[in-house]
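J.:
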Amino acid sequence: MTQILIQGMLLSGLYALIAMGFMLIFSIGRTLNLAYGAYLLVGGYVYFWLCQQMGLPQIVGFAGAVTAGVLMGLLKHRLIVKTLNGDHVAIEISTLILAVVLQAGVVLLFGDSSKILLPIVPGVVTVAGAQVTFNILTATLISWAVIIGLYLYISRTHTGRAMQAVSMDAKGAALSGVDPDRINLITWGISGGLGALGGVFFASYTQLYPGMWVAPLIISVAVVIVGGIGSILGTLVVAHIVGFMEVGVSSWSPELRGVFTMILIVAVLVLRPQGLFGREETH
Amino acid sequence: MPEFVERGTLRTMIQACYLAIFAMSWDVLSGRTGYISFGHPFLIGIGAYSTAILSKKFGVPPEYSIPLAIVITMFGGLVVLLPALRIKGSYFALVTLAFMELMYQLVQVIRPDLTGGTRGITGIKSLTRGAEAGYELAVTLMLGVALGLWLLMRTRFGTALWAIGMDEDSVRGSGLSTTRLKTMAFLVSALVAGLGGAYYAHYTGSLAPRALFDIDFLFTIIVAALIGGAGTIIGPMFGAFFLIFLLEWLRPILPGAERYFVYGGVALILYMYQPKGLVAIAQSLRDRVRGDNYDHRA
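This is the structure we're talking about:
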């Protein structure tokens with residue numbers, strides 16, 4: 006039982022970080038960025054390339070991964086989202102195509118086989134009978150630090166509050182002197198950075214392989230749908246529900262691990278489409 | 188036709204025919220009503236698995252197992268329909284995606300003795316002998332589906348589906364039951380998906396969960412419909428042939444999954460340039476050549 010609690014806490018922290026970037030984009034433009042998983046893919050591979058193939062220090066790897074993610078986010082906003090003028094269906098479809106293109110690009114550069122990312126911090130500690138690797142512990146601690154930082158940024162700074170305003174009502178925000186386009190661009194950048202950082206941890210937790218973007222995307226979708234739009238707290242709580250559910254179910258029957266997450270998505274969407282913590286959408 | 192081409196090309200043509208059927212099935216629902224389904228592999232998979240299980244494990248002859256599979260798929264369509272009656276837009280796309288993933292995981296866990304678990308089912312009875320007969324069957328099916336859908340879309344039902352895509356509230360406002368119309372669209376789409384899936388299972392002879400309930404497969408279907416031209420009958424067929432042959436031509440240069448890099452890139456650029464697809468591009472080219480100045484897109 007303690008083992009499930011500890012593992013659940015650790016995994017949930019990571020899931021919360023991953024889902025956060027997806028939630029930001031979804032709440033600011035109601036845009037489903039289906040290429041969100043590709044940030045994780047690119048982040049993981051950039052880290053792998055810099056640290057394990059070039060032998061550079063880890064901090065360079067992290068910086069490189071996050072920079073790549075931010076750049077991708079900015080480019081995506083400029084080239085796809087702005088060009089398509091906020092047409093949701095078109096954005097969903099083009100980001101889906103983009104994700105498949107990026108996956109194929111990774112295959113082209115690094116090959117089809119999966120790679121092992123060395124633990125970011127090696128070592129294992131046994132807590133109450135549970136094996137906790139320093140790797141996942143570090144990932145969780147950094148995730149929490151980033152989430153708290155993000156929360157402070159959104160609630161305290163001027164730009165952060167402008168982001169909230171745009172997510173509530175873009176027209177109203179524009180009337181009070183906020184440039185929604187600039188805020189959108191910043192949000193896409195932040196989302197990309199968060200995704201890429203999450204990707205490094207996720208890859209070190211599981212494996213690095215070209216198809217690794219699908220699972221985190223589905224998890225993010227689940228967390229955001231169940232949590233509701235525009236709620237950091239909701240995202241955090243639901244990331245823990247999903248994380249604990251996965252750890253709990255897989256200790257009982259590993260192959261059913263993802264089934265309950267899917268059932269949760271469908272059930273919440275049918276019974277309470279605005280999510281457990283979300284605002285009621287007027288339109 | 189079969190006399191003039193090599194056997195390999197014939198197999199590519201068969202692939203294209205089945206993809207065209209899947210793309211048309213997607214298009215009836217998503218291309219017209221604007222409810223984007225990310226779960227079509229879910230429906231196709233139900234059709235394929237049903238006929239495979241019925242004919243392989245229970246010895247039902249294909250002439251019964253295929254119609255049964257289609258009926259089962261239509262029931263599956265109703266399951267997806269229920270949430271769709273309440274939610275719209277992006278949320279609908281997500282639910283269908285969740286259904287596909289759910290199916291992928293369940294197929295491996297529930298009754299693996301029937302579904303073959305992770306490895307899937309092999310040795311499904313083939314309906315035809317040789318590539319020529321397989322090709323004739325695939326083309327007949329594709330043309331049959333196309334004709335059926337074309338006739339259906341010419342009725343008032345087709346017009347009403349278009350109208351839902353433009354403004355659902357107005358359709359309801361003019362006294363039509365959008366629920367009934369959407370139910371019909373789902374059933375037609377599921378029927379075509381089940382038909383395509385069932386015949387496809389008998390053609391390939393094997394099924395694997397990761398090949399069916401997969402984002403790459405979904406991607407191929409959606410891209411075929413969109414690149415050709417959503418909301419038309421000829422569009423999805425055209426798109427399917429274009430993409431399958433593009434993939435085939437790339438094979439000597441890029442043998443593995445890298446092909447999707449070029450393929451997806453082409454698809455992305457085409458889609459961003461003209462979301463209405465190749466059919467619309469061809470139309471505007473024809474107008475330019477003829478010197479017609481008015482704009483069809485207006």
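Keeping their order, the protein sequence lines are chains A and B. 6 is the number of the first residue of the first sequence in the working numbering; add one for each residue after it. 188 is the number of the first residue of the second sequence in the working numbering; add one for each residue after it. We put the beta carbon where it would ideally sit given N, CA and C, even for glycine.
Which residue comes first and which comes last in the alpha helix (DSSP H) that contains Thr-365 of chain B?
T.: Here the alpha helix (DSSP H) through Thr-365 of chain B covers 365-391.
J.: Does the segment 310-320 of chain B come within contact of the segment 392-408 of chain B, defined as at least 3 CB pairs closer than 8 Å?
T.: Result yes; three or more Cβ-Cβ pairs closer than 8 Å.
J.: Does the beta-carbon distance from Val-129 of chain A to Gln-136 of chain A come in below 7 Å?
T.: Their beta carbons are under 7 Å apart, which means Val-129 of chain A touches Gln-136 of chain A by this criterion.
J.: Taking C-alpha atoms, which residue in A:Val-51, A:Leu-241, A:Val-219 lies nearest to Ile-152 of chain A?
T.: It is A:Leu-241.
J.: Since Tyr-450 of chain B and Leu-433 of chain B should fall inside the 8 Å C-beta cutoff, what is the C-beta to C-beta distance between them, to a whole number of angstroms?
T.: That belief holds up - the Cβ atoms of Tyr-450 of chain B and Leu-433 of chain B are roughly 6 Å apart, short of 8 Å.
J.: Specify, as a first and last residue, the run of the alpha helix (DSSP H) that Ala-412 of chain B falls within.
T.: Ala-412 of chain B -> alpha helix (DSSP H) spans 402-415.
J.: Any beta-carbon of chain A closer than 7 Å to the one on Ser-376 of chain B?
T.: No, no contact with chain A.
J.: How would you call Leu-268 of chain B, buried or exposed, if buried means at least 16 neighbouring beta carbons within 10 angstroms?
T.: Classification for Leu-268 of chain B: buried.
J.: Which of the three DSSP states, helix, strand or coil, is assigned to Lys-244 of chain B?
T.: Reduced to three states, the DSSP call for Lys-244 of chain B is helix.
J.: Taking the beta strand (DSSP E) that Ala-469 of chain B belongs to, which residues open and close that run?
T.: Not the beta strand (DSSP E): Ala-469 of chain B falls in the alpha helix (DSSP H), residues 465-477.
J.: How far does the beta strand (DSSP E) with Gly-136 of chain A in it extend, from its first residue to its last?
T.: In the sequence under discussion, the amino acid at residue 136 of chain A is Gln, which differs from the Gly named in the question. Its beta strand (DSSP E) spans residues 135-138.
J.: Run down chain B in chain order and give the residues with a C-beta less than 8 Å from the C-beta of Ser-99 of chain A.
T.: In chain order: Leu-455, Tyr-458, Met-459.
J.: Pick out whichever of A:Ser-99, A:Ala-220, A:Thr-138, A:Ile-224 has its Cα sitting closest to the Cα of Ala-21 of chain A.
T.: It is A:Ile-224.
J.: Would you verify that the beta carbon of Ala-144 of chain A is, or is not, closer than 7 Å to some beta carbon of chain B?
T.: Chain B, which has no Cβ nearer than 7 Å to the Cβ of Ala-144 of chain A, makes this no.
J.: Opposite Lys-120 of chain A in the DSSP bridges: which residues?
T.: Paired residues: A:Leu-213.
J.: Look at the Cβ atom of Leu-122 of chain A, then the Cβ atom of Ala-68 of chain A, and state whether they are nearer than 7 Å.
T.: Taking 7 Å as the Cβ cut-off, Leu-122 of chain A and Ala-68 of chain A do not qualify as a contacting pair.
J.: Mind checking if Ile-490 of chain B is an interface residue toward chain A, Cβ cutoff 7 Å exclusive?
T.: There is no way to answer for residue 490 of chain B, as the model of chain B reaches only from 188 to 485.
J.: Can you tell me which of the three DSSP states Asp-192 of chain A falls into?
T.: The sequence shown places Thr at residue 192 of chain A, not Asp. Note: Thr-192 of chain A maps to helix in three-state DSSP.
J.: Would you say Glu-319 of chain B reaches chain A, if we count a Cβ-Cβ gap shorter than 7 Å as a contact?
T.: No, no contact with chain A.
J.: When the Cα of Leu-190 of chain A is compared with those of A:Leu-19, A:Leu-16, A:Gly-18, A:Gly-34, which residue comes out closest?
T.: Minimum Cα distance to Leu-190 of chain A is reached at A:Gly-34.
J.: Span of the beta strand (DSSP E) holding Thr-7 of chain A?
T.: Counting along the chain, Thr-7 of chain A falls outside any beta strand (DSSP E), though it belongs to the alpha helix (DSSP H) covering 7-34.
J.: Where do the ends of the alpha helix (DSSP H) carrying Val-243 of chain A lie?
T.: Looking at the DSSP string, the run of the alpha helix (DSSP H) that includes Val-243 of chain A is 237-257.
J.: Hey, would you say Leu-15 of chain A sits closer than 7 Å to Ile-141 of chain A, going by beta carbons?
T.: Yes, these two residues count as a Cβ contact at 7 Å.
J.: Who are the Cβ neighbours of Ile-223 of chain B in its own chain at under 6 Å, not counting the five residues just before and after it?
T.: Hits under 6 Å: Ser-217, Ala-280.
J.: Would you kindly report the start and end of the unbroken beta strand (DSSP E) that includes Leu-131 of chain A?
T.: Reading the sequence as shown, one finds Thr at residue 131 of chain A and not Leu. Counting along the chain, the beta strand (DSSP E) containing Thr-131 of chain A begins and ends at 129-132.
J.: Go ahead and pull the three-state DSSP assignment for Ile-102 of chain A.
T.: DSSP places Ile-102 of chain A in helix when its eight states are reduced to three.
J.: Taking the CB atoms as reference points, tell me whether Met-168 of chain A and Ile-188 of chain A lie closer together than 7 Å.
T.: Contact flag set, yes.
J.: For Gly-264 of chain B and Thr-305 of chain B, what's the separation of their Cα atoms in angstroms?
T.: Their backbone Cα atoms lie some 24 Å apart in a straight line.
J.: Thinking C-beta only, is Trp-193 of chain A closer than 7 Å to Leu-46 of chain A?
T.: Contact: no.
J.: Let me check understanding here. Comparing Cα to Cα, which of A:Ile-11, A:Val-231, A:Phe-115 lies closest to Gly-134 of chain A?
T.: When each option's Cα is compared against that of Gly-134 of chain A, the closest is A:Ile-11.
J.: Is Ala-95 of chain A close to chain B? Criterion is C-beta to C-beta, closer than 7 Å.
T.: Interface residue, yes.
J.: Tell me which same chain residues have a C-beta within less than 7 Å of the C-beta of Ala-227 of chain A, skipping the five on either side of it?
T.: Correct list, in chain order: Val-247, Thr-266, Leu-269, Ile-270.
J.: Are any of the Cβ atoms in chain B nearer than 7 Å to that of Met-217 of chain A?
T.: It does not: the Cβ of Met-217 of chain A has no partner Cβ on chain B nearer than 7 Å.
J.: Could you please give the first and the last residue of the uninterrupted alpha helix (DSSP H) stretch that includes Met-59 of chain A?
T.: Met-59 of chain A -> no alpha helix (DSSP H), and no H or E assigned at all.
J.: Of the choices A:Leu-76, A:Gly-60, A:Ser-255, whose alpha-carbon is the least far from that of Gly-200 of chain A?
T.: Selected option, being the one with the closest Cα: A:Leu-76.
J.: Determine, using beta-carbon pairs with one atom in the segment 50-63 of chain A and one in the segment 92-110 of chain A, whether at least three such pairs fall under 8 Å.
T.: Contact fails: fewer than three Cβ-Cβ distances are below 8 Å.
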